[in-house]
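Visitor: Dumping the structure here so I can ask a few things about it.
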Amino acid sequence: SRLLNVRLDRLQHKMSQVGMKEQSSYDHMLTAEYASLIALEFNRNPVVNDEAAFDIYPPPPTVSRESLPSRPPVVTIMGHVDHGKTTLLDTLRSASVAKGEAGGITQHIGAFSVPVPNPGGEKRTITFLDTPGHAAFSAMRARGASVTDIVVLVVAADDGIMPQTREVLKLVNRESNNVGLVVAINKIDKPGADVSKVETALLAEGVQLETFDGDVPVVHVSGLTGQGLPTLIETISLVAEMQDLRAEQTGPIHGYVLESKVDKGLGPVATVLLLRGQLTPGTSIICGLAHGKVRLLKSSSGQSFKAVMPGTAALVSGWKELPKAGDEVLLGTESEIKKALANRRRKADLEATIQDAEAINESRRAERELQQLEAQGELVSQQMNGEDEKKELRLVVKGDVSGTVEAVCGAVSGIGNHLAGAKIVAQGVGEVSESDVMRAKAAEGIILAFSVNTPRSVKAIASSQGVKIIESNVIYALMDEVKKNVIELLPTVT
Ligand code: GDP
Numbered sequence: 022s023r024l025l026n027v028r029l030d031r032l033q034h035k036m037s038q039v040g041m042k043e044q045s046s047y048d049h050m051l052t053a054e055y056a057s058l059i060a061l062e063f064n065r066n067p068v069v070n071d072e073a074a075f076d077i078y079p080p081p082p083t084v085s086r087e088s089l090p091s092r093p094p095v096v097t098i099m100g101h102v103d104h105g106k107t108t109l110l111d112t113l114r115s116a117s118v119a120k121g122e123a124g125g126i127t128q129h130i131g132a133f134s135v136p137v138p139n140p141g142g143e144k145r146t147i148t149f150l151d152t153p154g155h156a157a158f159s160a161m162r163a164r165g166a167s168v169t170d171i172v173v174l175v176v177a178a179d180d181g182i183m184p185q186t187r188e189v190l191k192l193v194n195r196e197s198n199n200v201g202l203v204v205a206i207n208k209i210d211k212p213g214a215d216v217s218k219v220e221t222a223l224l225a226e227g228v229q230l231e232t233f234d235g236d237v238p239v240v241h242v243s244g245l246t247g248q249g250l251p252t253l254i255e256t257i258s259l260v261a262e263m264q265d266l267r268a269e270q271t272g273p274i275h276g277y278v279l280e281s282k283v284d285k286g287l288g289p290v291a292t293v294l295l296l297r298g299q300l301t302p303g304t305s306i307i308c309g310l311a312h313g314k315v316r317l318l319k320s321s322s323g324q325s326f327k328a329v330m331p332g333t334a335a336l337v338s339g340w341k342e343l344p345k346a347g348d349e350v351l352l353g354t355e356s357e358i359k360k361a362l363a364n365r366r367r368k369a370d371l372e373a374t375i376q377d378a379e380a381i382n383e384s385r386r387a388e389r390e391l392q393q394l395e396a397q398g399e400l401v402s403q404q405m406n407g408e409d410e411k412k413e414l415r416l417v418v419k420g421d422v423s424g425t426v427e428a429v430c431g432a433v434s435g436i437g438n439h440l441a442g443a444k445i446v447a448q449g450v451g452e453v454s455e456s457d458v459m460r461a462k463a464a465e466g467i468i469l470a471f472s473v474n475t476p477r478s479v480k481a482i483a484s485s486q487g488v489k490i491i492e493s494n495v496i497y498a499l500m501d502e503v504k505k506n507v508i509e510l511l512p513t514v515t
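Written as C-alpha cells, this is what we have:
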C-alpha cells in the first residue's frame, strides 16, 4: 500500500472486490503475479523484477501452540493525561530491580520486566512497555502487528472518565480478541478520591467491571505510595494466564524495535521486544535497512544477560546502522542479510523514484492549471488594457530541513501569471517564530509552514496581527493553498 500510495484498507477492499480477500491480510506474501494484477487495478504499470524477489520474512505461526513454552505478557499502560501513568511506571520500574542489586539504578529503555511473586513456583515476569507517546506502538499497529497483550487503563479517582480514557476503551474494544483489559483506579491516596463514582461511570461507558459481576478486573492503586501495586501485578498475571501466551524459544527470531539511539560508548543501540525465538550475542539480525551482529544485551536495570526470551525486551548493541522504532527484527545468515539488504535498499530507491515520478506528474498538473490561470489572466488583462501592476502574494516559507524548504520554495515560486503571482520574501529552517510573523506582517504576506510546528504563543500573535499561517506536511496542499490565494489576488472580470 505504501508503494501504491493508497491506504491499507482501500487496498484490502480492492483486493476483496477482485476476489483476493484471502490474500488481503497484512502479513500475506503476494506472488509477483498477484501483486502485478493489483498494481494494474490501481492503474500502475508493474515491472516484475525476479532478481529482487528475495527477502527475509517473519516465521509463520506454529501449528501446535499447546506444546510451546509460555511467555510473559506484554503490557501497555494507557489513560488520560495526568492520571498517573508515568508515576505508576516509575514505581513499577523501581520494583523491577531486586533489592540491593546494582545500586537500584534503572534506565529508561522503552520496556522493563517486573517479577511476579510466585513462592515455590516457576519464575514469572510481566513486561511493561513505557515507550513515550506510544510512538512505536502506533507504528506497529499501523502495519497490523499488535504487540500488546494487556492494556492497563489508568483512571484517576479524583478526576474520573476523560476524553483519552474513552479513546483507550475504543481501542481496546476494537482489539477485544487480542487484548486484555485491566482497569486501575489510581490516586486513591488523595483526599478527594471517589472510587465507586469512577466505577459507576465506567459501567455507564459499557465497561463490565468485576465489581458489578462483569469480567473486567479493577484494581485500586496509588502510583505515588505504591498501595495496591502487588494486587495489580497479581491481576495482570491472572489475565495473562487466561490468555495462555506461548511462543517458540528456538528457531527463527521475530521481534520489534521499541526505541533506538546512538550511545556514546556502544554506538547504535535499540530496545528489541522479542516475540519469538531467542536473541543471543553473535546473532546476525536485520531490521528495516539496518543490520548488525548482536554484541551486548542489557536490561533496564543495566544488567547484561546472555539471551532475550520471547515476551521480554532488551537493549541490543552491535548495529551497523541505527534501526527505526516500530521496525521488525529478524534473523538470517550473513549472506541472506546481505541479499535482503540489497533488495530492501533497491525497494526503498524504487519507492523514492515512484514518489519523484508522482511529484513530476503533480507539477505537470500544476503547470496545466497555471496555463489555465494564465489564459484567464490574458482575458482579464485584455479587458483591463494592462492598467494595473502585478499583484504579489508574499510568502515566508519555513520547513523542517533545508532540503524541504528549497523544495517548497521551488514548488510555489512559479505559481501565478503576469497579473498575480507568488513571491518568496523569506525562508528558513525551524518552527514558525514571532519574527517570521513580523516579517510576514511587514510584507503583508502569509506564512507557509512545511512539516514544522507553530508554538501556540506564535499562533496567537499571528492571529492578533492578522497573519495567515498555512501548515501542512504535503507540498501539494501548500501549492493548492498558494494557488487559491493567488487567484484571489486576480482582478475580477466584470
Ligand atoms: P501521566 O500524565 O498520566 O503520566 O501522569 P503523571 O504520572 O505525570 O502524574 C500526574 C500528576 O499526578 C503528578 O503530579 C503526579 O505526582 C500525580 N500523581 C500520580 N499518581 C498519583 C497518585 O497515585 N497519588 C497522588 N496523590 N498523586 C499522583
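The UniProt record's numbering puts the first residue of the sequence shown at 22, with every later residue one more than the last. C-beta: ideal position from N, C-alpha, C; glycine also. All values derive from a computational prediction rather than experimental measurement.
Going by DSSP, what residue range makes up the alpha helix (DSSP H) through T52?
Guide: Working through the sequence shown from its first residue, we reach residue 52 at position 31. Segment: none, T52 is in no alpha helix (DSSP H) and carries neither H nor E.
Visitor: What is the DSSP secondary structure of R145, counted as helix, strand or coil?
Guide: Taking the sequence shown and counting its residues from 1, one reaches residue 145 at position 124. Here R145 sits in strand by DSSP.
Visitor: Using DSSP with H/G/I as helix, E/B as strand and the rest coil, what is E408?
Guide: To locate residue 408, count along the sequence shown from 1; it is residue 387. Confidence at E408 is low in this model, with a pLDDT of 48, below 50, so its placement is unreliable and no value can be given for it.
Visitor: For L351, count neighbouring C-beta atoms within 10 Å of its own C-beta (all shown protein chains included) and say buried if the count is 16 or more, exposed if not.
Guide: As a first step, residue 351 is located in the sequence shown; it is residue number 330 there, counting from the start. Buried: at least 16 other Cβ atoms inside 10 Å.
Visitor: For A334 versus A132, is the C-beta distance shorter than 8 Å?
Guide: Against the sequence shown, residue 334 aligns to sequence position 313. Against the sequence shown, residue 132 aligns to sequence position 111. Yes. Within cutoff.
Visitor: Given a cut-off of 8 Å, decide if G249 and S258 are closer than it, judged by their beta-carbon atoms.
Guide: Here the question's residue 258 lines up with position 237 in the sequence shown. Here the question's residue 249 lines up with position 228 in the sequence shown. No, Cβ-Cβ distance for S258 and G249 is not below 8 Å.
Visitor: Given a threshold of 16 other Cβ atoms within 10 Å of its Cβ, counted over all protein chains shown, does A363 qualify as buried or as exposed?
Guide: Here residue 363 corresponds to residue number 342 of the sequence shown, with the count starting at 1. Result: exposed.
Visitor: Pairs of beta-carbons, one from the region 276-283 and one from the region 336-355, closer than 8 Å: are there three or more?
Guide: A contact exists between the region 276-283 and the region 336-355.
Visitor: Hey, out of Y78, I77, I130 and A53, whose CA is closest to N66's CA?
Guide: Walking along the sequence shown from the start, residue 66 turns up at place 45. Of the listed residues, the one whose Cα sits closest to N66 is A53.
Visitor: Given a cut-off of 8 Å on the beta-carbon distance, is the pair V429 and F471 in contact?
Guide: Here residue 429 refers to the residue found at position 408 of the sequence shown. Here residue 471 refers to the residue found at position 450 of the sequence shown. In contact: V429 and F471 (Cβ atoms closer than 8 Å).
Visitor: If we count the other Cβ atoms within 10 Å of its Cβ and call it buried at 16 or more, is G40 buried or exposed?
Guide: Locating residue 40 in the sequence shown gives position 19, where the first residue counts as 1. G40 comes out exposed.
Visitor: Mind checking whether G332 and P93 have CB atoms under 8 Å apart?
Guide: Within the sequence shown, residue 332 is the residue found at index 311, counting from 1. Within the sequence shown, residue 93 is the residue found at index 72, counting from 1. Closer than 8 Å, so yes.
Visitor: Under three-state DSSP, which class holds N207?
Guide: Within the sequence shown, residue 207 is the residue found at index 186, counting from 1. Strand at N207.
Visitor: Considering just the uninterrupted stretch of the beta strand (DSSP E) at V450, what are its terminal residues?
Guide: Numbered from its first residue, the sequence shown carries residue 450 at position 429. Segment A441 to V450, the beta strand (DSSP E) holding V450.
Visitor: Would V260 be called buried (16 or more neighbouring beta carbons within 10 Å of its own) or exposed?
Guide: Taking the sequence shown and counting its residues from 1, one reaches residue 260 at position 239. The residue in question, V260, is buried, as its Cβ has 16 or more Cβ neighbours within 10 Å.
Visitor: Kindly indicate the opening and closing residues of the alpha helix (DSSP H) around G100.
Guide: Numbered from 1 along the sequence shown, position 79 holds the residue referred to as residue 100. It is not in any alpha helix (DSSP H) - G100 instead sits in the beta strand (DSSP E) that spans V95 to G100.
Visitor: Along the beta strand (DSSP E) that carries D284, what are the first and last residues, could you check?
Guide: For the purposes of this step, residue 284 is identified with residue 263 of the sequence shown, where counting begins at 1. From DSSP, the beta strand (DSSP E) with D284 extends over H275 to D284.
Visitor: Spatial neighbours of D236 within its chain, please: CB distance less than 7 Å, with the 5 preceding and 5 following residues excluded, ordered by chain position.
Guide: Position 215 of the sequence shown, counting from 1, holds the residue named residue 236. Excluding residues within five positions, the ones whose Cβ falls inside 7 Å are Q229.
Visitor: Does any heavy atom of the ligand GDP sit closer than 7 Å to the C-beta of H275?
Guide: To locate residue 275, count along the sequence shown from 1; it is residue 254. H275 Cβ: outside cutoff for every heavy atom of the ligand GDP.
Visitor: Measuring only the C-alpha atoms, how far is G201 from I171?
Guide: Looking up residue 201 in the sequence shown gives position 180. Looking up residue 171 in the sequence shown gives position 150. Going by the C-alpha atoms only, they are around 4 Å apart.
Visitor: For V473, which option in N494, A464 and K489 has the closest C-alpha, if you only look at C-alpha atoms?
Guide: By 1-based counting over the sequence shown, the position of residue 473 is 452. Of N494, A464 and K489, the residue nearest in Cα terms is N494.
Visitor: Going by the CB atoms, is the gap between T304 and V290 shorter than 8 Å?
Guide: Taking the sequence shown and counting its residues from 1, the one referred to as residue 290 is at position 269. Taking the sequence shown and counting its residues from 1, the one referred to as residue 304 is at position 283. Not closer than 8 Å, so no.
Visitor: By the three-class DSSP mapping on this structure, what secondary structure does L61 have?
Guide: Here residue 61 refers to the residue found at position 40 of the sequence shown. Three-state DSSP puts L61 in a helix.
Visitor: Are the CB atoms of residue 540 and V453 nearer to each other than 8 Å?
Guide: Not covered by the structure: residue 540. The range shown for the chain is 22 to 515.
Visitor: Within 10 Å of its beta-carbon, does P140 have 16 or more other beta-carbons around it, so buried, or fewer, so exposed?
Guide: In the sequence shown, counting from the first residue as 1, residue 140 sits at position 119. Exposed.
Visitor: At which residues does the alpha helix (DSSP H) containing E342 begin and terminate?
Guide: Taking the sequence shown and counting its residues from 1, the one referred to as residue 342 is at position 321. No alpha helix (DSSP H) contains E342, which DSSP labels as neither H nor E.
Visitor: Count the other C-beta atoms from every protein chain shown that fall within 10 angstroms of the C-beta of T374, then say buried if there are 16 or more, exposed otherwise.
Guide: Counted from its first residue, the sequence shown places residue 374 at position 353. Exposed, because fewer than 16 other Cβ atoms sit within 10 Å of the Cβ of T374.
Visitor: Nearest by alpha-carbon distance to V176: which of S217, D457, R23 and L150 is it?
Guide: Here residue 176 is taken as the residue at index 155 of the sequence shown, counted from 1. For the residues S217, D457, R23 and L150, the minimum Cα distance to V176 belongs to S217.
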